[in-house]
Every structure is written in C-alpha cells, then in structure tokens.
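Everything below concerns the one structure shown next.
Number of protein chains: 2
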Amino acid sequence: MRITTEDIARICGVSRGTVDRALNNRPGISPKTKEKVLKVAKELGYRPNMIARSLAKGHTMSIGVVVFDLNNEFFAQLLNSIEIRARELGYFTYLVLTQKDPKVEKECLSHLVDRNVDGIILFSINKGDKFDDFLKNLHKPIISILNFISYQFPFIGVDEMHCMMDAVNLAVKKGYSHLIYVSPPLAQDNKHNTYTLEQRLKGFIQGCKENKLDQSNYTIINNYDYIKQLDDIVRSKTSTNPDNRTAILCSSDIYALEILRYLEAQGFKIPHDIGVMGFDNINTLKYVKPGLTTISYPIDDIAVKAVDSLIKIIKGEEISNTSFLSHSIIERESL
Amino acid sequence: MRITTEDIARICGVSRGTVDRALNNRPGISPKTKEKVLKVAKELGYRPNMIARSLAKGHTMSIGVVVFDLNNEFFAQLLNSIEIRARELGYFTYLVLTQKDPKVEKECLSHLVDRNVDGIILFSINKGDKFDDFLKNLHKPIISILNFISYQFPFIGVDEMHCMMDAVNLAVKKGYSHLIYVSPPLAQDNKHNTYTLEQRLKGFIQGCKENKLDQSNYTIINNYDYIKQLDDIVRSKTSTNPDNRTAILCSSDIYALEILRYLEAQGFKIPHDIGVMGFDNINTLKYVKPGLTTISYPIDDIAVKAVDSLIKIIKGEEISNTSFLSHSIIERESL
DNA sequence: TTGAAAGCGCTAACAG
DNA sequence: CTGTTAGCGCTTTCAA
C-alpha cells in the first residue's frame, strides 16, 4: 500500500530510527545518509501516517468545534474564520453540530476526546455544575465562546448586556418612548444554556431602568408566537403622536427581519411609524430594505482569538480567563 | 491517565484479548466474565482510544469535506446537512476550506489522506488530467459535488445547463425580449474549475437559441465590474415599450441581489421596468423585497446523497457514477 | 553516527 | 472459552 518508514529503511539499508532522524530532521545523523534517505523518501512519495504519529506522540494536531447548527449565518462566518486560523497554525478542525440537543452535545464532546483532539472550541447549549464536572473530566483544553459556561473555563465573547443597553440608549435618544423587546428563544431557558439571551434581556431591562422607563413603557415578548403578540400590542400602543412612538428591539437580526416584513405588510412605515432594531449584523442585512439598524459583533476576532487561545493552552501557555471583545452599533434606517 | 484495556484486564485478572471480546461483544467469551469486564469498564469510565483503534483497523470513521469557503449560505447549508447525515451514520467530519486556492486544495486533500479519513466529499476548484491523476493517487473514495471533475469520479449535482434553459424559457414566456446574463466568476475560468458556471452559461446560450433570440437580443457580462457594465446597457436598451423589455438573469442570487439594489437606487421598478432572476434560492431571499424569482437547488438532498454514496463506496458497494438531482423554479415577484 | 527495542492502545489470528 | 502473540506505523530511549 502506502510507503512506510520501514520501506525506506529497507531500501536505504538503514534502520527506521535513522529514517526518522532524517525525515523529522533531528540531530544525530550524517549529512550523507540524511540526504540519501530524503531522496528516496521523495522519490517514493513518502507521506507520514498521521494516525500512527498521533498514537506515538499523544496528540493529533486537530481541534473540535462544537456549535448547534449553521443555519444562522453568524455561525457559518465564525466557523469559516476558525478553520482558516486553525489550519494556518497547523491544526485540522472537526466540525460537530448538536442541533440544540444537550445530550448530543455531551456525546459529541466525548467522542471528540475519544478521537484525541488536542482541544475544543465550544458554543455550549449545556450549563450547570454537573456539566462543569463533565467538561472537567474530559481533561482537554476547552475554550467557550459566546455562551458563557462558568468561570472554570476560559471564555471569549462580547459584553452582551452592554450591547443591549447601548441599543436601548440609542432608541431613547432617537425619541422612542415605548419599547418592545423580542427574544423568542427565551421560551426554552429552563433546560438550555441561554447565557447570551439572558444577558441581552438584562441589558434591555437595565437600559430601560437607566432611562427611567417603567414597565408601562416597555414590553417583553419571549415566545415564538411573537408576530401575533406583536400584532395586539402594536395596534393598541402605536400612536401617530411623534412623542409617543414605539421601537422594537430584537435579540437577533433574523427576528427583526421577520418583523420588518410583517410590519411592511401591515402598511407601517419604518421607522416613521415604528422603529426596529436587530442584533448580530449578519451579511444578509446588506440586501435588506429599509436598512436594519443593529449591533455588530466582531465575529472574525472572536474566531481568531478562540483559536489562538486554545492553542496557547494546548502548548501549556497561560491565557486570560475571560475576554470581552468590543461591539459597535451599526446605524441604518430602521430606527 | 485514561483507562486502557490493559488496566481493565489487570483488574479483572484476564487478558486483553478477553477484554476486547467483551467490549466489542465478539463471540468466544463466557457470559460471566463478559459481565464482569463490562462492569469494571463501566465503573472505571473506560472509553476506547479511537486513534489506537484506527491504527489497528485501518480506518478512522471520519470523512473530509472540502469546499472553498462558507461565505455563501449555500455552502453553509450543504455542510450542515452533510455533518448531520455523516454523524447519523457514525462518521465525524473534518472541514477544510481552500479559499479558492488550487494549491491549498491539493495540499489539504493530501493532509486528509495522511490523517486517514475514510473518504472525501469534494467541491473542487481544480480540474484537468493532472488533477485526475492526483486524485487517483490518493487512493481514497471521493465524491465530487456540483463542480464536475471528470467521469473518473462519482458526481452528484444538478443539471445546471437545463436549469438555466428553464430560466430563459420562463423569461421569454413572460414576454421579455432582451436578456442579459450576469456571471462574474466566469472571468477566472482559465485556472479554476468553473464547471457549474460554464454549464449555466451554455444553458443560457442554448436557451436563447431555442427561443430564437440572436446575439442582438442578448448580452453576456462575465466580469466583476458588472454593475457598471449593466449601467450602460440598461440605459441604451431599456424601453418602456412593453413588447421590448429586458430581463437580467444571474448565475447566483448574490449578484441578483446586488443588481436589485442598484436598479432600485436608479429608480427602476422591478419587474415592471426590468426583470431580474437569481440562482440558488438562498435563505436570505425570504427577507428580500421584491421577492426574487430564482432556481432552487435541492441542497439537503445533495448533501445526504453525497454522504450516503461516499459511505457506500467506503463499504465497497457499487453506486451510480453520476446523479443529477432535480431543480425547480421559484417564482416570486422580480421577473 | 547508527541500530535495536520498547511502546502508544487496540485488534485479530492462532493456540491451547 | 481464554491467553498469547504479532502487528498497525511512528517515535524515542538506550546501547553500541
């Protein structure tokens, strides 16, 4: 089949140890034999068997990336940048999609360890003490991204709470006096890790507080039936009085997009009648009219930092336990 | 460190062979010892080392997926479905992004083989006899998708040419008498595998022929400066005469989207003044106004079929060499 | 400078 | 039914 070091050794009339010294240019070999071995290896098209190497060395030069799916462009971009960066540094990446199933996530994590990945980048759907223990028992470097797990694991993300506070501030500054917050996935927060969503919600509430909006001035919608619920609220609250306009802030661009479509269909003018704001700044927004005002995440930076940090840990270096990268507001037309 | 079969053997006072028989329930072991071994293994939290298993068995239960990037949602969806399907069947997937660099693609392909993946799903950017030889020398099952490589390798995709013929037919049926075909990536076809693009172009030309449109009735734009070029043509050709309207057919939704934005900014009414049609039916289209008429690819089917076929080959079964899955036209408002 | 041998952890063929 | 042995292909230590 494939050429092995043994083949080369036999042909060159040397031992496998010597072949290894030549191939991985280690000291203790004469230039002459080295040259010969290298020449034969090249002629035969020798390629090292990484599986065997992994077994012998105890590492695989591969990492695992665990996210729930790629339907949100956001994750596709993240994964894209992770793969590029990882390979730049010599690592191959295993992709694992958990479909938001906590059990699947745990199983896959274990499987990755069985395959001896050197480290894992994890956007987790699990959380809690038991999960912490589970992760600890994996005995592998792990970087959590975006969805915070616990202080036991390095984390890279953004300050979600302040993102949403900034959003509220912007809305208030623009003169909106009634706010609606739409975050459907909150509906499932009993079982899943919904850190990012919770932080955004907190930010919304805190932002309202700081702007002296009480509960009669804001509404929170936390289920997937949001269009219907919105319908009721919008009809009763919306006013043509320019001093009493309402703005809808969403936990993700995708909901904002749906809402935009719905409002347009209902004949509302955006932002004249109602303001809308998203979150994530996905690529799609480039093609959307009216332009959606949103919060921008530094996706590439998160990806690169996650990979770099992970590999530092793998190599035994120290890294800071938690890093928040900075966000920004992208102002377009919808708010 | 981790528990090994040797540990279990020692503790149970049996040999590693026996442990193996219990763990992988193979025949030739008494129920009693088997039970005991299993119990100890469970207590100790034993997990097989897949690297060692791979080395011993000669396969890794993993596949490689090679595409150029994930910026196009199309690929994200494809990859998503591939991963899901592969893991259903027990395979983990390595993701490799080539950034449209033919050299990188070849290197990565070799690396995947070095890592002993059991098979590869490839959307190739390379082509030609030399590349065929290269792939052959990999001695690995390979499924090519969408970008045809050669008859030497199984292929799964759609009949791109007929897709575009259907598009032309639709445009003509709708009364457009002048067609513009926009396919910027054709600009680079000297070095890359641009099978899909060439086929679409052929389909466009053939469609025009069959509809008796000669070269004065259609225009082909094959560079990234298409907006500017479009500007000139549109100004001279566009007519308010309803019997002489022009339609712009694009090789990808993303160009159609750009064009839509441009035309709107110029004050054109779509489709009243000019018709526009895309290709791919990416998710983004759900949020675009006016709705973009386009060609829909069976992304999930391609993904699932690619995985299934690959694994059949891996298992030594026969598969049909080429499969074209069926496409459909999604009629919305823009044409 | 080189060779021999052991080991990574598992599988599989062969004896007993 | 069970133990022994010989690999898988590479790395690494210890002698020579």
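In the order they appear, the protein sequences are chains A and B.
Per the working numbering, the first sequence runs over residues 1 to 335.
Per the working numbering, the second sequence runs over residues 1001 to 1335.
Every residue, glycine too, gets a C-beta built ideally from N, C-alpha and C.
As the structure is a prediction and not an experimental result, all values here were calculated from the model.
- Counting only Cβ-Cβ distances below 7 angstroms, Ala1171(B) has no contacts in chain A at all, with the closest Cβ about 22 angstroms away.
- Counting along the chain, the unbroken beta strand (DSSP E) around Arg245(A) starts and ends at Arg245 to Cys250.
- Residue nearest to Val1113(B) within the set Cys250(A), Gly316(A), Ile302(A) and Tyr46(A) is Tyr46(A) (criterion: CA-CA distance).
- Ile1259(B) sits in a helix when the DSSP states are folded into three classes.
- When the five nearest sequence neighbours on each side are left out, no beta carbon in the same chain lies closer than 6 angstroms to the beta carbon of Thr1284(B).
- With a 10 Å radius around the Cβ and a threshold of 16 neighbouring Cβ atoms, Pro1027(B) comes out exposed.
- Note on geometry: alpha-carbon atoms of Asn1024(B) and Lys103(A) lie some 23 angstroms from one another.
- In this structure, the CA atom of Lys1305(B) is about 14 angstroms from the CA atom of Ile1063(B).
- Secondary structure of Val1019(B) (DSSP, three-state): helix.
- Contact between the stretch 65-80 of chain A and the stretch 294-308 of chain A is present: 3 or more CB-CB pairs across the two stretches fall below 8 angstroms.
- The criterion of a C-beta distance shorter than 8 angstroms is not satisfied by Ile1121(B) and Leu1109(B).
- Taking 8 angstroms as the upper bound for CB-CB distance, Val1117(B) and Tyr1151(B) are not in contact here, some 23 angstroms apart.
- For Tyr287(A), no beta strand (DSSP E) encloses it, and the DSSP letter there is neither H nor E.
- Counting only runs of 3 or more residues that sit fully inside the stretch 51-99 of chain A, the beta strand (DSSP E) segments are 62-67 and 92-97, in chain order.
- For Arg1245(B) against Tyr1176(B), the beta-carbon gap comes to about 5 angstroms, under 8 angstroms, which counts as contact.
- Just so you know, the alpha carbons of Gly316(A) and Ser309(A) end up roughly 11 angstroms apart.
- Considering only Phe75(A), Leu146(A) and Leu213(A), the residue with the shortest C-alpha distance to Asn169(A) is Leu213(A).
- Between Gly278(A) and Thr294(A) the beta-carbon gap is near 4 angstroms, inside 8 angstroms, which marks them as a contact.
- Residue nearest to Leu179(A) within the set Tyr287(A), Phe131(A), Leu201(A) and Arg2(A) is Leu201(A) (criterion: CA-CA distance).
- A contact is defined here as three or more CB-CB pairs under 8 angstroms, and the stretch 122-133 of chain A fails this definition with respect to the stretch 1050-1068 of chain B.
- From the beta-carbon of Lys1289(B), the residues of chain A found nearer than 7 angstroms are Lys289.
- The beta carbons of Ile299(A) and Phe155(A) sit no closer together than 8 angstroms.
- For Tyr1176(B), the enclosing beta strand (DSSP E) covers residues Tyr1176 to Val1182.
- Contact between Ile1011(B) and Arg1021(B) is ruled out by a C-beta separation of about 16 angstroms, above the 8 angstroms threshold.
- Annotation: the stretch 1128-1211 of chain B contains the following complete segments of the beta strand (DSSP E) (minimum length 3 residues), in chain order: 1142-1145, 1155-1158 and 1176-1182.
- Apart from sequence neighbours up to five positions away, the residues of its chain that approach Lys1100(B) with a beta-carbon distance below 8 angstroms are Phe1068, Asp1069, Ile1125 and His1192, ordered along the chain.
- Counting of Cβ neighbours within 10 angstroms places Pro31(A) among the exposed residues, the total staying below 16.
- Counting along the chain, Val117(A) sits inside no beta strand (DSSP E), nor does DSSP assign it H or E at all.
- The three-state reading of DSSP puts Ser1296(B) in strand, counting E and B together.
- Residues are counted here when their Cβ sits less than 7 angstroms from a Cβ of chain A; for the stretch 1243-1259 of chain B these are Leu1257, given in chain order.
- Take the alpha-carbon of Ser15(A) and the one of Val37(A): they are about 11 angstroms apart.
- Beta-bridge partners of Asp280(A) (DSSP): Ser296(A).
- For Leu325(A), the secondary structure class from DSSP, reduced to helix, strand or coil, is strand.
- At a cut-off of 8 angstroms between beta carbons, Asp69(A) contacts chain B.
- In the three-state DSSP reduction, Thr4(A) falls in the coil class, being neither helix nor strand.
- Nearest neighbour of Leu325(A) by Cα position, chosen from Glu107(A), Glu88(A) and Glu160(A), turns out to be Glu160(A).
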